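Residue numbers (the working numbering), protein chains in the order written: chain V, 1 to 234; chain X, 1001 to 1234. Worksheet: the structure to be examined is printed underneath.
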DNA sequence: TCAAAAACATAACATTTGTTATGTTTTTAT
DNA sequence: ATAAAAACATAACAAATGTTATGTTTTTGA
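This is the structure in structure tokens:
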């Protein structure tokens, strides 16, 4: 089941992990700490790239506005994730927006500094480009889910993905997102999302406290998805 | 409205266009012509990359199997398009599959030859990576459409996209795909697709000959989508 | 060219999802 | 701490989509 999660995970927390400790020091020394308030944008569609970010603490959503205005969230970044580098590899503008879902502590690497790092550390460019390739596959998988799965299945899949990500990165339990954001991830209205959540609650799959969702029975979810999750659950 | 189309187009037919005629010659001299039979794969998920392709004539579908087996098509390549390079920029395996929809004439550049070209032509690597960035945005837009639009809107958008692409590349009129493939692009069943096509036909938006779909009234489509297509239609 | 296979069109019914509406709970800002 | 605003839960009804079924047309391969 490890494969299940990696199919939907950018793995952008690993970008600096392959480096030697010496190289890592080089990278981390160039970082400037920043505080970004809940609701502020790290970057926005059509904006000019200034550098890359690594999240030290907190969550952020990456989204794009469809041409009729509504927000489509296609990724939630959490602690450790590196982001904002696509635009630097040749693009002029950002292709999407990124907003802090809570007060954020981030490390920033300015554009010029980042390019110097790429020159100083030969393995780095390859690692980043390789990851962009991986992320490409993740988006393709997200497309397959959105196009082929019904609401309950989309919700189930995204609950697994989100719990896994939050647990892995922030070591927190439970999924804490607004109903609107969650609906904008799985492609439905908050009302329909609410109905599915209620079903899951009634079936004992999840519990809800305030707005935080806790997965109570992972096996039931895998069953719902017809995945044999019992042999090798994450 | 040019922007509308480019939001959904990989623009991978332009990759060699920015080169000087001398550089172009260098590239085209390395190409080996191949014939690929309808139904054969140019490459497949998990396969080891061997090189890149440029389509001289014909159509191919790029798809991925969701983990419950069904095929999700996320791009249709046509004449002029270059493909298969993602996997070469750092990935070990292909992330998706590509199948000939009709007998295909392609030009092939072997992996090693391609890497040598990247060294010989400095601008080339940047162009390719820039395009991968652009393609990333295209996938995000596809996600937004699949998540937010109902069936008729998804069909309408994809009819526009496909007609535009076939016209531009192959200079053929009409959209000639199996109902199953078209359904696997827009994320529905062939039966539901048929119902929407019939509606469009009854409203005078399209005409169908055999299985080929012709757009008869583009304005009605833009109206359906609430896009002001009248001022500057493509 | 002809028979078999595949693809297509269409309809009826079932199910899922969207929408509108109302009241409650939680968060935010003063 | 409190009032106002935002977010949430839920239900009833409407609309969209999925599913099953049947007959026709088109394509394929011998």
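We put the beta carbon where it would ideally sit given N, CA and C, even for glycine. Since this is a predicted model, take the numbers as computed values, not measurements.
Give the interface partners of residue i over in chain X, defined as CB-CB distance under 7 Å, in chain order.
i              : result
residue 196(V) : Here the premise fails: no neighbours, minimum Cβ distance about 15 Å.
residue 68(V)  : 1226
Assign residue i to one of three DSSP states: helix, strand, or coil.
i               : result
residue 1005(X) : helix
residue 72(V)   : strand
residue 1085(X) : coil
residue 51(V)   : strand
residue 230(V)  : Any reading at residue 230(V) must be qualified, since the residue scores a pLDDT of 35, below 50, and its modelled position is unreliable; no value is offered.
residue 45(V)   : coil
residue 150(V)  : coil
residue 104(V)  : strand
residue 1176(X) : coil
residue 170(V)  : helix
residue 1213(X) : strand
residue 1196(X) : helix
residue 91(V)   : coil
residue 205(V)  : coil
residue 1160(X) : helix
residue 1253(X) : Examination of residue 1253(X) is not possible in this model, given that chain X is present from 1001 through 1234 alone.
residue 1225(X) : coil
residue 1219(X) : helix
residue 1187(X) : coil
residue 79(V)   : coil
Tell me residue i's beta-bridge partners as DSSP assigns them.
i               : result
residue 17(V)   : The partner list for residue 17(V) (beta bridge, DSSP) is empty, contrary to what the question assumes.
residue 1034(X) : 1106(X)
residue 63(V)   : 73(V), 97(V)
residue 57(V)   : 105(V)
What residues from chain V crowd round residue i, counting only those whose CB sits closer than 7 Å?
i               : result
residue 1107(X) : Within chain V, no residue comes near residue 1107(X); the closest Cβ sits about 23 Å away, beyond 7 Å.
residue 1074(X) : 140, 143
Give the interface partners of residue i over in chain V, defined as CB-CB distance under 8 Å, in chain order.
i               : result
residue 1123(X) : Simply none; closest approach about 11 Å.
residue 1146(X) : 143, 146, 147, 187
residue 1047(X) : Chain V residues near residue 1047(X): none, gap ~13 Å exceeds 8 Å.
Run down chain V in chain order and give the residues with a C-beta less than 9 Å from the C-beta of residue i.
i               : result
residue 1096(X) : 136, 137, 140
Whose Cβ in chain X lies nearer than 9 Å to the Cβ of residue i?
i              : result
residue 126(V) : 1089, 1090
residue 64(V)  : 1137, 1140, 1141, 1143, 1144
residue 132(V) : 1086, 1089, 1090, 1129, 1132, 1133, 1136
Mind pulling the chain X residues with CB within less than 8 Å of residue i?
i              : result
residue 223(V) : Correct list: empty, because the minimum Cβ distance to chain X is about 13 Å.
Contact set between the region 1080 to 1092 of chain X and chain V, restricted to residues whose Cβ is under 8 Å from the partner
1086, 1087, 1089, 1090, 1091
Interfacial residues, the region 1182 to 1213 of chain X to chain V, with Cβ spacing under 7 Å:
1187
Using a Cβ-Cβ cut-off of less than 7 Å, list which residues of the region 1147 to 1168 of chain X approach chain V; keep chain order.
1147, 1148
Kindly provide the ranges of any alpha helix (DSSP H) runs that are 4 or more residues long and lie completely inside the region 118 to 151 of chain V, ordered along the chain.
122 to 148
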